[in-house]
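*Asks:* With the numbering used here applied, the sequence shown closes on residue 1456, and no number is skipped along the way. Idealized CB from N, CA, C, for every residue including glycine. Source: prediction; values computed, not measured. Please read through the structure below; I'll follow up with questions.
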Amino acid sequence: MTCTDHLIEKGNTAQRVRAESMLSESQQILALAEDECADESYGASNWVEYHKLVVRRAAAVLDLHSDDGIPDGTLIQLPGASAQSK
């Protein structure tokens, strides 16, 4: 989900289901990583930042799939990770 070369096909059910799964899993992992970060576990802050990125990008993919203004079958490339964090 963090690859900047990844193309999303609007309306592709398999891609939408995978994005939903990734969002759910990453939200759970993010919560665990935040707990570890609060406990000052070594490296936990790296996991927090990474999974925040995955959550943002998975949510962006789902937003694209839900956008009625984009015709099904349209290929879309998410902006790079650095562009999304701004």
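Within 10 angstroms of the Cβ of Val1425, are there 16 or more other Cβ atoms? Answer buried if so, exposed if not.
*Replies:* By the 10 Å Cβ count, Val1425 comes out buried.
*Asks:* For Glu1410, name the three-state secondary structure that DSSP assigns.
*Replies:* If DSSP states are grouped into helix, strand and coil, Glu1410 belongs with coil.
*Asks:* Using the Cα positions of Arg1386 and Glu1395, report the straight-line distance between them to the nearest angstrom.
*Replies:* Rounded to whole angstroms, Arg1386 to Glu1395 spans 14 Å at the Cα level.
*Asks:* Going by other Cβ atoms of all chains shown within 10 Å of its Cβ, with 16 needed for buried, is Leu1377 buried or exposed?
*Replies:* So Leu1377 ends up on the exposed side.
*Asks:* Terminal residues of the continuous beta strand (DSSP E) containing Ile1446?
*Replies:* Looking at the DSSP string, the run of the beta strand (DSSP E) that includes Ile1446 is Leu1445 to Gln1447.
*Asks:* Under 8 Å between C-beta atoms, does Asp1409 make it to chain C?
*Replies:* In the structure shown, chain C does not exist; there is a single protein chain.
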